[in-house]
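Step one of this worksheet: look at the structure below.
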Amino acid sequence: MLNLIALGLVAGVIPVYLGIGAALLLGKVLPRSWESFLIGIATGVLTYLFFDLMHEAVELTGARDGLSWVVFLGSLGISLIGLVALESSQLFGNGPGSRVLPLPYMIAIGMGFHNLGEGLAIGASYASGAWVLSALLVAGFGLHNGTEGFGIISAAGKTPVRGKDVLWLGFLAGAPTCLGTVLSGQGLSSYFSIGFYSLAAGSLLYVVLSLTAMAYTATRRMQMASGIFCGIALMYLTAMVLTLVSGIRT
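Take the sequence shown: its position 138, counted from the start at 1, is 138 in the UniProt record's numbering, and no numbers get skipped.
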């Protein structure tokens, strides 16, 4: 149990905190004119994660298993439409009416669902005795997850990020990796995984739309587009390194 938790910490929690720290440092060094570019990077990272989660969910659905598709589409719709409805009630966002859940927290929660799946992969390889593969997965996912910190902090925009926020954001995004490593040996139902992946995909799609609306202005289109490209490229490069080294696709 402790070994599995340690693997989750190294692969998920620590890299996310390192990424958040690096993003905060860059935010202080770079001028305000870079804000749209950084938000673009966050959007690119989340766009990659959205398609990755959708791919994972669809892979688990059966062509003749109607219930799996009901779980998939139902969870996706509940997540996306539910979040839009909550935004209409001004329960969260980055605007002056925000009261409960700022946008970076939504991103961290969505990434947490994604990292839960990575933890399941690490735990499964460790339980099967493939320790070398487990080590490679930990290293690859760690590099991958470090980039997620940029996505979380960039979404804050001009909103100040306090020390308490850093602790919670890193925990929400990284801790599910530990949960995944522990749950990997419990024989979870595929419907459970489909539901989690779909809920996460819906929340990330909502955040992508929100970030795009927030930063995509007539004068900053090139900055936003360049940032989106860099964010997607960054995630693909880290995934490619993991695939080449371990033979496992993220």
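Glycine is no exception: its CB is placed at the ideal position from the N, C-alpha and C atoms. Bear in mind that the values here come from a model prediction, so they are computed numbers and not experimental data.
Beta-carbon contacts of residue i that lie in its chain and below 7 Å, excluding the five residues immediately before and after
{"i": "Ala201", "result": "Phe50, Leu53, Met54, Ala57 and Leu76"}
{"i": "Arg220", "result": "Ser36"}
{"i": "Trp120", "result": "Note on residue identity: the sequence assigns Leu, not Trp, to residue 120. Gly180, Leu183 and Ser184."}
{"i": "Ile107", "result": "Leu46, Gly151, Ile152, Ala155 and Val207"}
{"i": "Ser203", "result": "Ser79, Leu83, Met106, Ile109 and Gly110"}
Boundaries of the alpha helix (DSSP H) in which residue i is found, first to last residue
{"i": "Thr43", "result": "Glu35 to Leu60"}
{"i": "Pro15", "result": "Ile14 to Val29"}
{"i": "Ser154", "result": "Glu148 to Ser154"}
{"i": "Asp165", "result": "Gly163 to Leu183"}
{"i": "Leu9", "result": "Where Leu9 is concerned, there is no enclosing alpha helix (DSSP H), given that its DSSP letter is neither H nor E."}
Pick from the options that is closest to residue i, judged by C-alpha positions
{"i": "Leu26", "options": "Gly12, Val241, Ile41 and Ile14", "result": "Ile41"}
{"i": "Ala239", "options": "Gly227, Val45 and Phe72", "result": "Val45"}
{"i": "Cys230", "options": "Thr43, Ala6, Ile20 and Gly21", "result": "Thr43"}
{"i": "Leu234", "options": "Pro31, Tyr48 and Val16", "result": "Tyr48"}
{"i": "Leu244", "options": "Ala139, Phe72, Ser190 and Gly12", "result": "Ala139"}
{"i": "Asp65", "options": "Tyr191, Pro102 and Gly227", "result": "Tyr191"}
{"i": "Leu9", "options": "Gln223, Met214, Ile122 and Thr147", "result": "Ile122"}
Cβ-heavy atom distance, residue i to the ligand GTP, below 8 Å
{"i": "Gly163", "result": "The ligand GTP is absent from the structure shown, which contains no ligands of any kind."}
Same chain, Cβ closer than 6 Å to residue i, neighbours up to 5 away in sequence not counted
{"i": "Tyr236", "result": "none"}
{"i": "Gly149", "result": "Val16, Gly19, Ile20 and Ala23"}
{"i": "Ile5", "result": "Cys178"}
Residue i classed as buried or exposed, judged by whether at least 16 other C-beta atoms fall within 10 angstroms
{"i": "Ile109", "result": "buried"}
{"i": "Ile152", "result": "buried"}
{"i": "Asn3", "result": "exposed"}
{"i": "Gly12", "result": "buried"}
{"i": "Val70", "result": "exposed"}
{"i": "Gly146", "result": "buried"}
Beta-carbon proximity list for residue i, same chain, < 8 Å, skipping 5 on both sides
{"i": "Ile14", "result": "Gly142 and Gly174"}
Q. Would the region 193-210 and the region 105-122 be scored as touching if the rule is three or more Cβ pairs under 8 Å?
A. yes
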